[in-house]
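Numbering (the working numbering), first residue to last: 4 to 154.
Structure below.
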C-alpha cells in the first residue's frame, strides 16, 4: 500500500501552461479561475495588458497586483517562461520603489535587477528575476489576494 503523505517538497507537476495546483489546495478556497497556494489566491492572466490596466483589473477583482513575500512564493509556477507585471512602482514623493500597500520590497527577492529605471514598471519571471519595462508595454500579469484564515 502506498501511503500518501502531504509534504511541502516538490509537487509532482508536468511543466506546461496548465500548472494549476488542485482546487482548494492547502487551506484556502479561491474564486473560480484563481489558483490557491499557501493560503493566498493568485490570478494568473492569460491575456496581456499595460501595467495600469493590469492594476485596475486586479483592483476590480478585490485584489492587488502581485506583491512577493519571498522568492519561492510562486513555487507552483517555477516552469513558467513568461514575464508578468507585479505591483511594484516608483513613488516620486518618497523617492523609492514601493509595493501597492506602501511597503518597501526586499531587493534580495530579485537576483537580476540592480537599479530599475523609475520611469518604468517591473515584470517578474517566477523563481527567476525581474526586468524593468515601459509601463505602456502589454504583458501578462498576476493578481494576488490574501485569504484570511477563519480559525
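Glycine is no exception: its CB is placed at the ideal position from the N, C-alpha and C atoms.
Return the CA-CA distance between residue i and residue j, expressed in angstroms with no decimal places.
i	j	result
residue 48	residue 149	17 Å
residue 64	residue 118	31 Å
residue 134	residue 32	32 Å
residue 77	residue 139	25 Å
residue 105	residue 96	12 Å
Do residue j and residue i have their beta-carbon atoms positioned less than 7 Å apart in this structure?
i	j	result
residue 93	residue 100	yes
residue 57	residue 144	yes
residue 1	residue 40	Past the edges of the chain, shown from 4 to 154, lies residue 1, and the structure says nothing about it.
residue 123	residue 136	yes
residue 83	residue 129	yes
Give the range of the alpha helix (DSSP H) segment to which residue i is assigned.
i	result
residue 60	54-63
Could you spell out the range, first to last residue, of the beta strand (DSSP E) harbouring residue i?
i	result
residue 92	91-94
residue 43	43-47
residue 124	124-128
Let me know the secondary structure DSSP gives residue i once reduced to three states.
i	result
residue 135	strand
residue 78	helix
residue 100	strand
residue 68	strand
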